[in-house]
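Taking it in order: structure first as C-alpha cells, then the write-up.
There are 2 protein chains.
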Amino acid sequence: MVSFQQSMQHIRNYYYSEAQMIGSSFPRRFISQTYKNSFSKPRSNAAEIKLLAAKKHSEAEKRRRMRINGQYDTLRNILPNIIKKDKATVLVETIKQVKELRKKVSKLEVDGPKEVKFPSGADRLNLVKCNGEEGIVKATFSCEDRPELMSAIARALGSVQANVIKAEMMTLGGRTRSVLWVQGLGDEGLGKLKSTLKVVMHKPTFRMRHFTQ
Amino acid sequence: MVSFQQSMQHIRNYYYSEAQMIGSSFPRRFISQTYKNSFSKPRSNAAEIKLLAAKKHSEAEKRRRMRINGQYDTLRNILPNIIKKDKATVLVETIKQVKELRKKVSKLEVDGPKEVKFPSGADRLNLVKCNGEEGIVKATFSCEDRPELMSAIARALGSVQANVIKAEMMTLGGRTRSVLWVQGLGDEGLGKLKSTLKVVMHKPTFRMRHFTQ
DNA sequence: ATGTACACGTGACCC
DNA sequence: TGGGTCACGTGTACA
Chain A
1 MVSFQQSMQH
11 IRNYYYSEAQ
21 MIGSSFPRRF
31 ISQTYKNSFS
41 KPRSNAAEIK
51 LLAAKKHSEA
61 EKRRRMRING
71 QYDTLRNILP
81 NIIKKDKATV
91 LVETIKQVKE
101 LRKKVSKLEV
111 DGPKEVKFPS
121 GADRLNLVKC
131 NGEEGIVKAT
141 FSCEDRPELM
151 SAIARALGSV
161 QANVIKAEMM
171 TLGGRTRSVL
181 WVQGLGDEGL
191 GKLKSTLKVV
201 MHKPTFRMRH
211 FTQ
Chain B
1001 MVSFQQSMQH
1011 IRNYYYSEAQ
1021 MIGSSFPRRF
1031 ISQTYKNSFS
1041 KPRSNAAEIK
1051 LLAAKKHSEA
1061 EKRRRMRING
1071 QYDTLRNILP
1081 NIIKKDKATV
1091 LVETIKQVKE
1101 LRKKVSKLEV
1111 DGPKEVKFPS
1121 GADRLNLVKC
1131 NGEEGIVKAT
1141 FSCEDRPELM
1151 SAIARALGSV
1161 QANVIKAEMM
1171 TLGGRTRSVL
1181 WVQGLGDEGL
1191 GKLKSTLKVV
1201 MHKPTFRMRH
1211 FTQ
C-alpha cells in the first residue's frame, strides 16, 4: 500500500534532487510552496540529512539487486537448455535440475555407472588413488585374455601386502578389462604393484604357459 | 530516478484508493484541488481508466513477485544446512549445490559407487531391471564361496539366451557377492535365470562336488 | 543509530 | 495494443 509518507517522499525527492538534475516543466515553486505552507517544514539541515540517507539507502538497495541478479546470471549460464531466461523460469528450472541431479546421484550410488567400459584394444595399465582420504587405489588394466590370468593377478596381489576390497572383470572378444580396488597400499607398494601387474599383463607365467599349450 | 509522473502517480494513488481505506489526517481536498488546478485535468473517464490500469499493473506485479518468492521458498526447503535464508544466499547456495551434485555425478559415472557392498551373510538373490529403456537386468546374489561357483554361474547363464554385459564379484570371509548385468533377456528368460541362479547358489553341481572333496 | 533485507507501486521496455 | 518482465526508489521492520 502507498502510504502518505511515501507520496511525500516522492515529492521531496523530486524537488530536492531530481528537479535540479533534470530540466523539467514541472511547476517547482508550486510544490515547494504547498509543501512549506501545509507542513511548515523549512529546507533545513534535517531535510538534507534525510535526503542523504535516502541516497545511501537506494544505493545499498541497488547493490543488493546487483548481488541477486549476478546470481541469476550465473544460474542462467550453468543451466542447460534454458529457453525462457526470466527469473521465475530460471528458479523453476534450477529446482528441477537439483531434484534431477539428486535422483541421478542416488541411482548411481546403488546401481553403479550405467554405461559399460569395454576392454581396450591396446594393453593399458592405470593406477589412481580413488578417494584420497581412504587410501584406496583403483587399478585398471586391459590385456589379452588367457586362462591363467586370474591366478596370475592373484599372485601379483599376494606379493604386496594389501587387501583387494573389490574386483571387477569383463571379457570381450579375447580381451579382458579388470579393475581392482586395493586398500592399505603404501607408496612403495603402489610402485611394486604397478610393475608386477605390468609383467602379468604382458607375459604369461611359466607354469601357465605349459598349461595352455 | 524518480520522475515527475511517478510522484504524481503516488499522489493519485493515495488520493483515490488509500485515503478512503485508511483514515488519515492528510489534507485530501488540498491535493485534489492543486492537482486539478495546475493541470486542469478533471476526474474524467480517462483518469479513471488510467487508475484502473495502474491497479491491474500493480496486481500483476504482485503475482509475479509471489511466483518468484514461491520458488525461493521451495529452494529454501530443499537446500540442506541453509543458515542465512536471504535471497542472495539462497541463490549462492543453490549454485554451489548444483555444481557439487554435478561433480558427484561425473565422479560416480566413472568411478562407480564409493561405498563397497559386502557379501551378505544370508543367501540372497535379487533381479531388477536396471534402466527400463535398455532391457538390462541386474542380478545380485550372495552365497557361500566355492571353487566351482564361477563355472556354475557361467553354465546358468549359458542356459538362457542373453549376454552378460558386465560382471562383478567379491569374496570375503568365505562368502561371495556377485552382480551380473544381463542384456536381451525376455520376461520368461528372466524367470528362468532366476530359478537357475537359485539352484546354483544353494547346491554345487555334481562334477564340482567331486573336485572339492 | 546503522545497516540489512524485503515488499511495494511505478515507469520503461518488449513482444 | 495489452500482458509480462525488469529496475528503480521508497517505506518498513528487524537486529
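Residue numbers (this note's numbering), protein chains in the order written: chain A, 1 to 213; chain B, 1001 to 1213.
Cβ coordinates follow ideal geometry from the N, Cα and C atoms, glycine included.
Quantities reported herein were computed from a predicted structural model and do not represent experimental measurements.
The distance from the Cβ of A:Thr74 to that of B:Ile1082 is about 18 Å, inconsistent with a contact at the 8 Å cut-off. DSSP, read as helix, strand or coil, puts A:Leu185 in coil. Ranking A:Val160, A:Ser58, A:Lys203 by CA distance to the CA of A:Glu148 puts A:Lys203 first.
Residue environment: A:Arg177 is assigned as buried (16 or more neighbouring CB atoms within 10 Å of its CB, all protein chains considered).
Of the other Cβ atoms in all chains shown, 16 or more fall within 10 Å of the Cβ of A:Leu185; this residue is therefore buried. By the C-beta density criterion, A:Leu91 is buried, having at least 16 other C-beta atoms within 10 angstroms.
A:Pro80 and A:Val105 have their C-alpha atoms roughly 18 Å apart.
In the DSSP assignment, A:Ser178 is bridged to A:Phe141, A:Met169. The Cβ atoms of A:Pro119 and A:Met150 lie no closer than 8 Å to each other. What B:Leu1091 touches in chain A, judged by beta-carbon distance under 8 Å, is Ile68, Gln71, Tyr72, Leu75, going in chain order.
The beta-carbon separation of A:Val160 and A:Gly189, rounded to 5 Å, stays under the 8 Å limit for a contact.
Going by DSSP, B:Leu1075 is part of the alpha helix (DSSP H) stretching over 1045-1078.
Around the beta carbon of A:Met201, a 10 Å sphere encloses 16 or more other beta carbons of the protein chains shown; the residue is thus reported as buried. Separation of the CB atoms of A:Val179 and A:Ile165 is rounded to 11 Å, and the pair is thereby denied contact status at 8 Å.
The contact set of A:Ile78 on chain B, defined by CB atoms closer than 8 Å, consists of Ile1095, Val1098, Lys1099 in chain order. Taking a beta-carbon distance threshold of 8 Å, A:Met201 does not count as an interface residue toward chain B.
When DSSP states are grouped into helix, strand and coil, A:Arg146 belongs to the coil group. In the DSSP annotation of this structure, the continuous segment of the beta strand (DSSP E) that includes B:Lys1129 starts and ends at 1124-1129.
Taking a 10 Å sphere around the C-beta of A:Lys55, we find fewer than 16 other C-beta atoms and assign the residue as exposed. Excluding its 5 nearest sequence neighbours in each direction, B:Ala1167 has C-beta neighbours in its own chain below 6 Å: Leu1180, listed in chain order. The Cβ neighbour count for B:Ser1058, taken over all protein chains shown within 10 Å, is under 16; the residue is labelled exposed.
Not one beta carbon of chain A lies nearer than 8 Å to the beta carbon of B:Glu1059. At a Cβ-Cβ threshold of 8 Å, B:Ile1078 and A:Val98 count as neighbours. In the three-state reduction of the DSSP assignment, B:Val1160 falls in the coil class. Looking only at B:Gly1174, B:Cys1143, B:Asp1086, B:Val1137, the smallest Cα-Cα distance to B:Leu1125 is reached by B:Cys1143. Taking the beta carbon of B:Val1105 as reference, the chain A residues within 9 Å of it are Leu101, Lys104, Val105, Leu108, listed in sequence order. Within chain A, Ile68 have C-beta atoms less than 8 Å from the C-beta of B:Lys1087, given in sequence order. Here the alpha carbon of B:Ala1152 sits roughly 10 Å from the alpha carbon of B:Thr1196. Just so you know, the alpha carbons of A:Gly191 and A:Ala139 end up roughly 12 Å apart.
Leaving aside the five residues that flank A:Val199 on each side, the residues in its chain whose CB is nearer than 8 Å to its CB run, in chain order, Ala156. Within the model, the alpha-carbon separation for A:Gly70 versus B:Glu1093 is close to 13 Å. By the neighbour-count criterion, in which 16 or more other beta carbons inside 10 Å mark a residue as buried, A:Leu52 falls on the exposed side.
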